[in-house]
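In UniProt numbering, the protein residues as written are 1 to 482.
Shown next, in the form of structure tokens:
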């Protein structure tokens with residue numbers, strides 16, 4: 001395996017560089033220190049720190065395997081022997097309904113007696129790539145290959161790790177290896193794909209009379225998921241001066257005593273304002289808040305920084321740059337091995353990817369491609385548009401009609417947010433996940449009126465409903481404006 005080769009060359013354990021990763025193959029793979037499990041005639045090779053649970057139908061028959069951490073529609077952690085509610089027999093429609101009700105960071109491998117399919121979470125925060133030539137499915141490129149990389153002639157990985165251009169529409173550094181699109185199943189063996197979410201009506205805009213009920217439903221589900229997660233494993237929560245972490249702790253307020261640490265990373269003036277705002281929130285809620293200061297860390301020499309960057313690039317499959325919090329050592333400061341609960345995906349509550357128009361506006365596919373955020377600024381060229389516009393149009397045309405009128409929320413979920421999941425593969429000290437990474441919550445947020453979200457009314461209503469005492473705490477942007 002290339003993951004093993006990389007680890008040996010760099011004199012690091014493969015379980016350290018590729019922590020929280022997995023591979024699925026016809027037979028055992030050479031990944032020292034990784035655990036082995038069999039399911040439906042396949043070998044699952046996974047980091048021992050990554051949860052793996054066999055799931056049963058209502059008759060007690062093994063039907064699926066969950067890799068990662070998931071919370072079901074009832075708010076229960078998916079553990080070994082978990083009964084898949086509504087799955088009376090191995091039927092794809094029933095399995096899809098069950099998977100669509102899961103929150104967390106996971107992939108599910110399921111069988112129906114004939115075929116074997118893999119499903120991911122709503123933003124593919126647990127990534128999936130596959131090599132149809134060798135028949136291996138894995139979390140990242142080097143976990144997928146036991147042959148040399150055959151460089152893609154479509155996209156240059158060097159632009160990806162430089163932050164200039166993200167891999168688009170399933171491409172990877174290798175010309176044969178593909179990444180699984182969000183909300184599609186992958187059939188192992190035939191390598192066919194099919195969309196299973198959203199279904200027709202899932203993203204239809206709500207009438208004003210139903211908005212308050214939706215806000216309450218979002219708060220209840222997010223709080224239930226948060227509570228299940230912090231009871232499941234030692235947890236830490238990063239606090240910032242923005243909406244997302246504030247919404248998270250507001251909805252999770254009944255369970256905050258189970259969190260091991262609340263903290264803020266401080267690297268610059270923005271971080272200082274984040275920390276000041278977070279300190280107000282924590283004090284108001286009676287929480288202990290820690291500042292993780294970059295200035296307290298000994299500066300690394302350039303060689304050590306390059307080494308960390310090299311490990312990060314390998315762990316992510318050469319898809320994203322190594323971020324400063326990683327190379328500086330800030331990411332090593334939270335409790336080692338704790339799960340980190342972040343506010344990612346909550347950005348939908350602000351309709352952050354809607355920059356103009358509303359759901360009744362005529363769609364401009366060129367602007368739609370721009371909002372996929374594969375490139376920014378001057379990199380969005382005519383050449384880029386000529387190369388990828390047809391792929392974008394094909395993607396949008398494959399959505400149900402009600403979702404086609406909401407392309408910017410969906411492109412944010414399916415084209416922008418998966419990049420964070422890839423980045424998390426380089427965060428090897430802890431397992432990162434978002435309690436809002438949930439098709440129910442994504443669907444409810446995307447159904448709220450856009451103007452209601454743009455004005456930040458959705459977030460403010462939710463915070464005032466669940467933790468009114470922090471509703472008037474100043475945000476970081478307000479502190480910076482003083």
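The beta-carbon is built from N, C-alpha and C at its ideal position, and this holds for glycine as well.
Predicted, not measured: the structure shown is a model, and the values here were computed from it.
May I ask you to list the residues that DSSP assigns as paired with residue 463?
-> For residue 463, which the question treats as bridged, DSSP gives no partner whatsoever.
Closest by CA to residue 199, which one among 463, 453, 403 and 412?
-> 403
Report yes if the CB atom of residue 203 is closer than 8 angstroms to the CB atom of residue 446, and no otherwise.
-> yes
Residues near residue 232 in its chain [Cβ-Cβ closer than 6 angstroms; skip 5 each side] = 77
Are the region 138-156 and the region 464-481 touching, with three or more C-beta to C-beta distances below 8 angstroms?
-> no
Boundaries (first-last residue) of the beta strand (DSSP E) holding residue 35 = 35-39
For residue 161, which of helix, strand or coil comes out of DSSP?
-> helix
Is the region 169-179 touching the region 202-219, taking contact as three or more C-beta pairs under 8 angstroms?
-> no
Tell me residue 265's beta-bridge partners as DSSP assigns them.
-> 292
Within 8 angstroms, strictly: CB atoms of residue 160 and residue 320 = yes
Residue 470, buried or exposed, once every other Cβ within 10 Å from all chains shown has been counted against 16 = buried
Out of 149, 331, 342 and 189, state which residue places its alpha-carbon closest to the alpha-carbon of residue 105.
-> 342
So, are the CB atoms of residue 189 and residue 227 less than 8 angstroms apart?
-> no
Should residue 390 be labelled buried (16 or more other beta-carbon atoms within 10 Å of its own) or exposed?
-> exposed
What does a CB cutoff of less than 7 angstroms around residue 87 pick up in its chain, not counting 5 residues either side in sequence?
-> 57, 58, 63, 94, 95 and 98
Thinking just about the alpha-carbon of each residue, which of 91, 100 and 344 is nearest to the one in residue 114?
-> 91
Validate contact between the region 119-128 and the region 406-422 using beta carbons, cut 8 angstroms, 3 pairs | yes
Residue interval of the beta strand (DSSP E) (run including residue 187) | 184-187
With burial defined as no fewer than 16 other Cβ atoms inside 10 Å of the residue's Cβ, what is the status of residue 366: buried or exposed?
-> exposed
Between the region 205-218 and the region 298-317, are three or more C-beta pairs nearer than 8 angstroms?
-> no
Name the residue from 249, 47 and 195 whose alpha carbon lies nearest to the alpha carbon of residue 431.
-> 47
Going along the chain, which unbroken runs of the beta strand (DSSP E) with 3 or more residues stay wholly within the region 406-468?
-> 431-433
Would the region 242-250 and the region 330-344 be scored as touching if the rule is three or more Cβ pairs under 8 angstroms?
-> yes
Beta-carbon proximity list for residue 504, same chain, < 7 angstroms, skipping 5 on both sides | Because the chain in this structure spans residues 1 to 482, residue 504 falls outside the shown range and cannot be described.
First through last residue of the alpha helix (DSSP H) which encompasses residue 58 | Per DSSP, residue 58 belongs to no alpha helix (DSSP H) and is neither H nor E.
Is it right to say residue 297 is buried, meaning 16 or more other beta carbons lie within 10 angstroms of its own, or is it exposed?
-> exposed
Buried or exposed: where does residue 382 fall if 16 or more other Cβ atoms within 10 Å of its Cβ makes it buried?
-> exposed
Compare the Cα-Cα distances from residue 475 to each of 271, 219, 7 and 149 and report the closest residue.
-> 271
Which of the three DSSP states, helix, strand or coil, is assigned to residue 238?
-> strand
Report, in whole angstroms, the separation of the C-beta atoms of residue 258 and residue 238, which I expect to be a contact under 8 angstroms.
-> About 16 angstroms; that fails the 8 angstroms criterion.
Which residues DSSP lists as bridging residue 77, in chain order = 71
Own chain, CB closer than 7 angstroms to residue 413, minus 5 neighbours either side, in chain order | 122, 123, 182 and 442
Just curious, the beta strand (DSSP E) that residue 130 is in, first and last residue?
-> 129-131
Three or more C-beta pairs below 8 angstroms linking the region 366-378 and the region 449-466 = no
Cα-Cα separation, residue 240 to residue 428 | 22 angstroms
Leaving aside the five residues before and after residue 4 along the sequence, list all residues of the same chain whose C-beta is less than 8 angstroms from its C-beta, in chain order.
-> 14, 30, 31 and 32
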